[in-house]
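Below: the structure, in structure tokens.
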Amino acid sequence: MAAQLKLVAPEAAASWPDEDIKVLAGENPRLAMDMVIRKHRERLFRHAAYITKDQQEAYDIVQEVFIRAMREQRFWDLEFRQKAWLYRVTSNLCFNLVRDRRRRGQILETVPHKEHADADQLRMVFEGEQRAEVLAAIDQMTPDHKEILLLRYYDDLSYAEIAEVLDVALGTVMSRLSRARRRLLDVMDPGAEQA
Amino acid sequence: MRMHCDAVVDRLAALLDEELAPGEVELVGRHIETCPDCAGLMDRMAAQRFSQPELVVLERPDFWGPMDAALDRAWADHEAPALQAAPAPPPWYRRELRLPAGVALLYAAGMLLALGLAGALWQEASDAHAQVAELQGVVDDQSALASTPLPVEPVSFVSRAPYRGSL
Ligand SMILES: [Zn+2]
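Going down the list, the sequences are from chains Z and F.
Under our numbering, the first residue of the first sequence carries the number 429, and numbering increases by one thereafter.
Under our numbering, the first residue of the second sequence carries the number 15, and numbering increases by one thereafter.
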């Protein structure tokens with residue numbers, strides 16, 4: 429009840445604590461789900477777009493993530509970590525897609541050029557940005573390093589939140605991020621260490 | 015106790031992101047003061063900048079419209095089978111009732127109490143429903159506003175300067 433009184437508009441969803449949205453879900457689950465969607469979809473879309481670099485794929489993946497959220501039995505449980513779950517499912521769907529795409533690409537290498545051109549038609553989200561040095565370098569890294577750099581420096585998640593998304597200890601978040609940033613230095617400026 | 019370089023390197027990102035526990039900041043700091051390798055690496059990491067691309071596509075009018083429609087359908091699909099799946103309880107006169115007299119008496123007393131409470135709860139529930147209906151009105155207004163078409167701008171992506179760094 430207290431939760432509802434604070435409701436102004438779904439656009440204000442970002443400022444709503446998860447606990448209040450869960451209370452609202454007891455009364456009106458459809459409205460509560462709408463709040464969750466509005467609270468997270470833009471950042472999830474960015475996250476998906478960074479990984480897939482295809483805006484249509486990213487859009488479809490975010491939509492699929494929310495459909496799965498509707499079906500997730502534990503979604504309104506008090507102890508259920510919605511944000512971590514949303515990012516985890518989004519990441520998994522994105523990396524599966526990228527893996528499938530790469531596999532398909534490898535098959536295409538062996539067949540004539542026309543189909544190769546179809547593969548190239550996957551629309552890039554950041555046509556200008558793709559050349560942006562840092563993102564391009566991150567793109568070359570292993571999925572583990574790429575994901576943790578995106579979660580921290582592009583999605584603005586705290587270390588504790590990242591630990592929940594990846595289901596690893598806080599110490600692992602620290603070491604993996606440090607190693608990823610060190611690797612990024614090597615990728616972007618291979619000669620610098622000797623200088 | 016002096017920290018080993020590997021342990022320090024693994025904590026550099028957390029140090030720069032201010033996510034390291036104060037005690038560890040102290041230990042790492044003391045190591046860096048005396049280890050030029052780790053100090054150099056930390057300086058290079060501190061200079062890293064992560065640019066946040068601006069997704070102009072997000073400002074497209076009704077960008078989320080198709081997703082909202084799809085999620086509405088998904089919600090309806092998800093609710094419908096759930097309603098069908100729940101087996102209807104048998105009518106009250108078919109249900110077996112085998113209670114000792116004492117329990118039956120307690121039950122009757124409970125029913126009287128419940129009837130009294132029900133009146134109060136009914137009032138509270140209808141208040142709540144009125145509130146939800148009112149809020150739904152606000153939501154509808156906002157949605158209508160949001161779906162009002164704005165001038166269409168070409169979709170492009172721009173880089174935002176200055177870069178947003180980790181520090
Ligand atoms: Zn050292």
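We treat Cβ as the ideally placed atom computed from N, Cα and C, and that holds for glycine.
Scanning chain Z for C-beta atoms nearer than 7 Å to the C-beta of F/L131 yields nothing, as the closest lies near 18 Å away. At a C-beta separation below 8 Å, F/V146 has these neighbours in chain Z: Q432, E455, N456, L459. Along the stretch 17-52 of chain F, the alpha helix (DSSP H) occurs as fully enclosed runs of 4 or more residues at 19-23, 26-30, 36-48, listed in sequence order. Contacts with chain Z (Cβ-Cβ distance below 8 Å) from the stretch 20-51 of chain F involve V23, D24, R25, L26, A27, A28, D31, E33, L34, listed in chain order. Taking the Cα positions, F/W89 is about 29 Å away from Z/D595.
Z/L514 is outside the set of residues whose beta carbon lies under 8 Å from a beta carbon in chain F.
Using beta-carbon distances, Z/S519 does not count as an interface residue toward chain F, since no partner is under 8 Å. Contact note: F/V71 reaches chain Z through Q483, using a C-beta cutoff of 7 Å and chain order. Counting along the chain, Z/P457 sits inside the alpha helix (DSSP H) bounded by residues 457-480.
For Z/Q491, the closest Cβ of chain F is nearer than 8 Å. Taking a cut-off of 8 Å for Cβ pairs, the stretch 601-618 of chain Z and the stretch 22-40 of chain F touch, as three or more such pairs fall below it. When secondary structure is reduced to three states using DSSP, Z/Y515 falls in the helix class. Rounded to whole angstroms, Z/A440 and Z/A564 show a C-alpha spacing of 34 Å. For F/W89, the nearest beta carbon of chain Z is closer than 8 Å to its own beta carbon. The three-state secondary structure of Z/T570, taken from DSSP, is coil. Within the model, the alpha-carbon separation for Z/Q491 versus F/D57 is close to 41 Å. Burial is judged here by how many other beta carbons sit within 10 angstroms of a residue's own beta carbon; Z/T518 has at least 16 and is buried. Among the residues of the stretch 471-482 of chain Z, those with a Cβ less than 7 Å away from any Cβ of chain F are R474, A477, in the order of the chain.
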